[in-house]
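Numbering (our numbering), first residue to last: 2 to 322. Quick reminder that beta carbons are idealized off the backbone N, C-alpha and C, glycines included. What follows is a short report on a single structure.
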Amino acid sequence: MIHRLPKAELHIHIEGSLEPELMFRLAARNGLKLPYASVEELHAAYRFSNLQEFLDLYYQGMNVLREEEDFFDLTRAYLDRVAADNVVHVEVFFDPQAHTGRGVPFAVAVEGILKGLEDGETRHGITWKLIPNFLRHLPEEDGFKALAEAEPWYDRFAGFGLDSSELGHPPRDFARLFARCRELGFKLCCHAGEEGPPDYVRQALVEIGVDRIDHGNRAMEDPDLVREIAERGVALTSCPLSNLSLKVIDTVGQSPVKQMLDAGLCVTVNSDDPSYFGGYVGDNLKAVAEAFDLSKADVVALVKNSFAGSFLDDGEKARRL
Ligand code: ES4
Ligand code: ZN
Numbered sequence: 002m003i004h005r006l007p008k009a010e011l012h013i014h015i016e017g018s019l020e021p022e023l024m025f026r027l028a029a030r031n032g033l034k035l036p037y038a039s040v041e042e043l044h045a046a047y048r049f050s051n052l053q054e055f056l057d058l059y060y061q062g063m064n065v066l067r068e069e070e071d072f073f074d075l076t077r078a079y080l081d082r083v084a085a086d087n088v089v090h091v092e093v094f095f096d097p098q099a100h101t102g103r104g105v106p107f108a109v110a111v112e113g114i115l116k117g118l119e120d121g122e123t124r125h126g127i128t129w130k131l132i133p134n135f136l137r138h139l140p141e142e143d144g145f146k147a148l149a150e151a152e153p154w155y156d157r158f159a160g161f162g163l164d165s166s167e168l169g170h171p172p173r174d175f176a177r178l179f180a181r182c183r184e185l186g187f188k189l190c191c192h193a194g195e196e197g198p199p200d201y202v203r204q205a206l207v208e209i210g211v212d213r214i215d216h217g218n219r220a221m222e223d224p225d226l227v228r229e230i231a232e233r234g235v236a237l238t239s240c241p242l243s244n245l246s247l248k249v250i251d252t253v254g255q256s257p258v259k260q261m262l263d264a265g266l267c268v269t270v271n272s273d274d275p276s277y278f279g280g281y282v283g284d285n286l287k288a289v290a291e292a293f294d295l296s297k298a299d300v301v302a303l304v305k306n307s308f309a310g311s312f313l314d315d316g317e318k319a320r321r322l
């Protein structure tokens, strides 16, 4: 049932879809040596006790992405994989500063990803939006530089997001940067409440004015905040297997997805970094459906939310809902 439903994914970091096999292939192609002897040894390293431990491996892993073709192959592999799960629309994050910061030009990353998205649209009919994220462990000033570098591709981007190490880096620190993105006409989203306190979610919602909250787990600790999210109709992108891998929760049954559904929030289920967290969007949906013994109506509601919460325009949403 879950497999057959046409679905959208709204929270996927393309660099986090880099499977160990492809990482080894790209390392060889680029003459790089990985600090792991085998695919199995690399897989075995994917044990995290928090977000930062994951991020350290994630930034190390993406070091094999050097040429435009590498970004193309990465994106193509992700779309081939989700096409098999009946994913028909994707909203893809990428981290430009994680590439420019190690000497890979913005153009190389973005052109490879765009060509991969266009290839997936041609071959599978999967529609897409591309959303650069600012790295919150870096100063807001660096984000402004990334925004300036992005200018030639503004018409290729649906919005801007905020990711990386959450604790100690509240959304408020990026208020001027996101105000500028808003002036330019972009949608806004922020990772908030994954590890950070409910107040970070409130800042994203009220001070930044986000159109979507990525994760949002800890918002559930504050009933007034839950009410505010519901009133604004802002969607949340939950990532159950990510939360489990990063010890945000101890079991899938502790995922906030059911509580969010019951509170009337527009919650969606997503993979985040599927290669690192052991499952693509279909696996994440199956995991929550099983853990909560969800009714068919609940699963359909989650899948409908994936379109309702998307950045598709109203006409496109109406056609797909
Ligand atoms: C991320 Cl799981 C997660 N959280 C924050 N930033 C990220 N970047 C890639 N995956
Ligand atoms: Zn994420």
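If you follow the beta strand (DSSP E) that residue i is in, where does it begin and where does it stop?
i	result
residue 189	188 to 193
residue 173	It is not in any beta strand (DSSP E) - residue 173 carries neither H nor E in the DSSP assignment.
residue 134	128 to 136
residue 167	Where residue 167 is concerned, there is no enclosing beta strand (DSSP E), given that its DSSP letter is neither H nor E.
How is residue i classed by DSSP in three states: helix, strand or coil?
i	result
residue 271	coil
residue 278	helix
residue 113	helix
residue 54	helix
residue 325	Residue 325 lies beyond the residue range present for the chain, which begins at 2 and ends at 322; the question has no answer from this structure.
residue 92	strand
residue 72	helix
residue 121	helix
residue 102	coil
residue 316	helix
residue 62	helix
residue 308	helix
residue 161	strand
residue 251	coil
residue 86	coil
residue 48	coil
residue 80	helix
residue 67	coil
Can you round the beta-carbon distance between residue i and residue j to whole angstroms, since I take them to be within the 8 Å contact cut?
i	j	result
residue 23	residue 58	At roughly 15 Å, the Cβ-Cβ gap does not stay under 8 Å, so residue 23 and residue 58 are not in contact.
residue 164	residue 189	With a Cβ gap of about 13 Å, residue 164 and residue 189 do not count as contacting.
residue 247	residue 51	6 Å
residue 90	residue 123	With 8 Å as the limit, residue 90 and residue 123 do not qualify as a contact, their Cβ atoms being about 15 Å apart.
residue 311	residue 318	7 Å
residue 1	residue 67	Only positions 2 to 322 of the chain appear in the structure, and residue 1 is not among them; the question remains open.
residue 240	residue 273	4 Å
residue 215	residue 254	The pair is not a contact, with the Cβ atoms about 22 Å apart (cut-off 8 Å).
residue 197	residue 168	6 Å
residue 226	residue 261	That belief does not hold up - the Cβ atoms of residue 226 and residue 261 are roughly 12 Å apart, past 8 Å.
residue 322	residue 270	So it is not a contact: roughly 17 Å between Cβ atoms.
Starting from residue i, follow the alpha helix (DSSP H) in both directions and report where the run begins and ends.
i	result
residue 287	282 to 292
residue 144	141 to 150
residue 258	258 to 263
Counting only beta-carbon atoms, is residue i nearer than 8 Å to chain C?
i	result
residue 290	In the structure shown, chain C cannot be found, because there is only a single protein chain.
Any beta strand (DSSP E) of 3 or more consecutive residues that is wholly inside the segment 177 to 248: 188 to 193, 213 to 216 and 236 to 239
Closer than 8 Å is the cut-off here; do at least three beta carbon pairs connect the segment 169 to 185 with the segment 53 to 73? no
Touch test, the segment 100 to 111 against the segment 135 to 153, Cβ-Cβ under 8 Å, three pairs minimum: yes
Quick one: complete beta strand (DSSP E) runs, 3+ long, within the segment 3 to 46? 8 to 14
Between the segment 88 to 99 and the segment 10 to 21, can you find at least three pairs of beta-carbon atoms closer than 8 Å? yes
Three or more C-beta pairs under 8 Å: does that hold for the segment 290 to 300 against the segment 33 to 49? no
On the three-pair Cβ rule with 8 Å, is the segment 26 to 38 touching the segment 277 to 288? no
Do the segment 114 to 121 and the segment 133 to 153 touch if we need at least three Cβ pairs shorter than 8 Å? no
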